[in-house]
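Worksheet: one structure, shown below.
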Amino acid sequence: MPSVFCAEPRYMIAPVPQRFWIWLSASSSACLRCFSSGGGAAFSLPSSAGARRAAPGASTVFTSESLSLTIPSLHTSWSPRVQAPPGRASPSRRPRLAEPGRGTTLTIHEAERASRAARVARSPAPMAGGAPPRYPLSVPHDSHVRMQLALRVSMIALAFAGGCAAPRPAGRDPAPTFLSDAARSRLDEAAAAAIDRWEIEGAVLIVGRGASVLHAKAYGARRIAPGAPAEPMTLDTIFDLASLTKVAATATALALLIEEGRATLDDPVARHLPDWPDKDLTLRHLATHTSGFAAYLDAGAIARNHPGIAPCDAVFAAIASHERKYPLGKGTIYSCINYELLGRAVEAAAGEDLEAYLRRKLWRPLGMQDTFFRVPPGKLPRVAPTEGGLRGVVHDPLARFYGTGPHLPGNAGLFSTGPDLARFMAALACRGAVAGRAVMRPETVELLLANHAPPGSGAARGIGWVIENDEAYLPRAGDRSVRTHGGFTGTFLWLHPPSGAFLIVLSSRLHPAGKGDVFPLRRAAARIVCEDLALAPDVTSR
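In terms of our numbering, the sequence shown opens at residue 1 and continues consecutively.
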């Protein structure tokens with residue numbers, strides 16, 4: 001049974017019967033009109049589909065024999081990049097930070113930008129046959145770019161309009177008061193500014209609360225190339241999630257296994273992987289980045305030092321022989337090594353690979369049909385390429401090397417869309433049950449988000465999730481309830497469990513030349529959401 005994503009404020013994400021699906025295509029009698037809210041270009045399907053150019057501010061209506069659904073906020077904002085005038089230099093991009101020293105505490109924000117920047121500099125180019133092409137950060141000017149887009153849209157049946165399972169306190173207005181029109185306009189401005197500063201080529205921003213999606217927009221381009229029309233960003237663009245894999249896949253799978261009684265946080269890794277030599281290392285150490293492992297391993301060096309065996313086994317052997325930076329539980333370093341090993345242990349406990357387990361337990365029940373480790377060939381055109389035009393292949397060198405064997409990488413490698421991630425975040429915001437369908441117990445969501453770092457480690461982490469202390473991401477000073485996680489390719493998740501509010505920022509910042517910067521946009525978007533959330537009178541309820 002599929003599930004629904006709607007961009008209309010206060011519509012709900014819920015399972016619906018199969019008969020409610022609509023396919024929009026050039027031969028369909030239904031019409032799709034996407035328009036910008038700021039007087040930009042308007043897009044439509046070809047005239048054979050019965051579509052016509054929409055006036056800004058108009059509504060887009062989908063009809064069938066069974067339903068009629070108006071979605072006024074399903075927009076694509078498109079601002080084509082133009083070549084910088086002669087004599088005007090392209091705006092410089094922010095330099096990446098140097099790799100930190102051996103301090104015992106690194107925040108995720110430092111580690112993602114710093115440790116990974118260092119290993120990317122020494123990693124082989126992601127494309128075979130030499131260095132990736134360096135495209136100029138401009139595209140041919142085209143004031144009217146047409147989208148050829150097919151979107152599946154379905155209506156939420158009244159029987160499923162239950163939203164989150166948790167009841168709202170008596171006397172509360174059931175309509176969300178969060179996310180004002182002014183906040184939506186500021187989100188548009190923040191995305192446009194990031195594109196105008198050439199920090200990113202495009203982005204998808206989604207804001208929700210509980211099972212409601214309150215803002216969903218695509219901005220800019222998902223692909224540019226010299227001599228070719230730019231591809232506009234769309235809401236159904238598929239992104240290389242990079243380290244969001246840790247929370248959307250590996251950590252969540254571990255929590256579900258704990259719910260089933262097949263694992264505990266304090267299980268020794270050796271319980272699930274008998275060949276692991278260290279009997280004291282636990283799943284908790286890996287999940288909270290308190291194992292003492294360094295941030296990363298060089299895939300090329302692993303291949304050279306462990307020839308003749310499967311890449312996943314070579315990585316396992318390299319981790320087993322890796323010297324730790326500090327004793328178990330005595331510090332924290334955000335480390336991809338932790339989640340590579342944790343993913344292997346999770347697969348052993350589950351008895352199947354990460355994708356098979358999560359598809360059965362979570363993704364299929366939530367209707368996440370565009371989430372996978374291996375992109376189906378038919379969906380490749382919707383993938384946002386990363387550095388050098390890499391499309392549908394994970395950018396992370398270690399995950400790419402590891403994933404060529406029978407196991408899937410736990411640190412990176414997952415692909416997904418904004419709508420699919422909205423379903424995932426709604427499940428967390430609703431404590432595991434959306435529209436009456438429970439995909440995990442409330443206790444499992446609490447387990448994911450609670451602080452599990454060992455005493456004395458100096459860490460504050462859930463199972464994968466960062467317990468945020470940067471005030472840019474907090475609705476109120478000192479509020480330690482916010483959970484976040486980012487990905488190297490330009491992806492970001494933000495969750496405020498007390499209110500059920502969430503934010504999704506997706507970009508492919510590495511496209512085309514590997515030098516983008518999504519941090520200004522994600523901080524600005526989080527600040528806008530936080531400031532608006534702080535004004536909501538029902539901030540502490542769902």
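All C-beta atoms, glycine included, are put in the ideal place defined by N, C-alpha and C. The model shown is predicted, which means the values in this text are computed figures rather than measured ones.
Beta-carbon gap between C430 and G210 smaller than 8 angstroms: yes
Three-way DSSP call (helix, strand, coil) for A218 in this model: strand
Buried/exposed call for A191, threshold 16 Cβ in 10 Å: buried
Stretch-stretch touch, CB-based, cutoff 8 angstroms, three pairs: the segment 296-307 with the segment 380-387: no
DSSP three-state assignment for S154, whether helix, strand or coil: For S154, the predicted model reports a pLDDT of 30, less than 50, meaning its position is unreliable; a value from the coordinates is still stated below. In this structure, S154 counts as coil in the three-state DSSP scheme.
Own chain residues within Cβ distance below 8 angstroms of A477, not counting five before or after: E471
Touching by the beta-carbon criterion (3+ pairs, under 8 angstroms), the segment 397-406 and the segment 473-493: no
W494 - DSSP class collapsed to helix/strand/coil: strand
Option in P376, S507, A287 and S508 with minimal Cα separation from A247: Going by the sequence as given, residue 247 is Val instead of Ala. Comparing Cα positions, the closest option is A287.
Which listed residue (L341, A263, R359 and G410) has its alpha carbon closest to that of P277: L341
Alpha carbon of D196 to alpha carbon of H485, nearest angstrom: 25 angstroms
Whether F519 touches F239 by CB criterion (8 angstroms): no
Segment contact flag, the segment 199-218 with the segment 365-381, C-beta cutoff 8 angstroms, min 3 pairs: no
Nearest-angstrom Cα separation, counted from V394 out to L283: 25 angstroms
Simplified DSSP state of C164, which is helix, strand or coil: strand
Three-way DSSP call (helix, strand, coil) for P454 in this model: coil
Assumed close pair I333, H289 - CB separation to whole angstroms, cut-off 8 angstroms: 6 angstroms
Classification of P406 by the beta-carbon crowding that lies within 10 angstroms, buried from 16 upward: exposed
Exposure label - D420; buried when at least 16 CB within 10 Å: buried
Nearest to L273 (by Cα), restricted to the options A350, L179 and L428: A350
Sheet register partners of S507 (DSSP bridge): A203
Residues sharing a beta bridge with T264, DSSP: According to DSSP, T264 bridges with nothing at all.
Inter-residue spacing [alpha-carbon to alpha-carbon] between V269 and L535: 45 angstroms
Those residues which DSSP pairs with F488 across a bridge: DSSP, once it has assigned bridges, lists no residue as partnering F488.
Straight-line Cα distance separating V439 from A433: 6 angstroms
Straight-line gap, P365 to G403 (C-alpha atoms, nearest Å): 25 angstroms
Residue closest to I544, alpha-carbon to alpha-carbon, out of L533, I504, R509 and R527: Nothing can be reported for residue 544: it is not among the residues displayed for the chain, which extend from 1 to 542.
P455, buried or exposed, once every other Cβ within 10 Å from all chains shown has been counted against 16: exposed
DSSP state of H75 mapped onto helix, strand, coil: Because H75 sits at a pLDDT of 36, beneath the cut-off of 50, its placement in the model cannot be relied upon, and the following sentence gives the value as read from the coordinates. Reduced to three states, the DSSP call for H75 is strand.
For A295, the nearest candidate out of K279, G367, R184 and I319 (CA to CA): I319
As assigned by DSSP and simplified to three states, the class of R209: strand
Which listed residue (P232, D298 and V346) has its alpha carbon closest to that of G410: V346
Backbone CA spacing between F502 and V204 [nearest angstrom]: 14 angstroms
Cβ separation of R178 and D532, assumed to be a contact under 8 angstroms, to the nearest whole Å: Note that residue 178 is Phe in the sequence shown, not Arg. That belief holds up - the Cβ atoms of F178 and D532 are roughly 6 angstroms apart, short of 8 angstroms.
Rounded distance between the beta-carbons of R271 and S508, thought under 8 angstroms: Incorrect: roughly 39 angstroms between the Cβ atoms, too far for contact.
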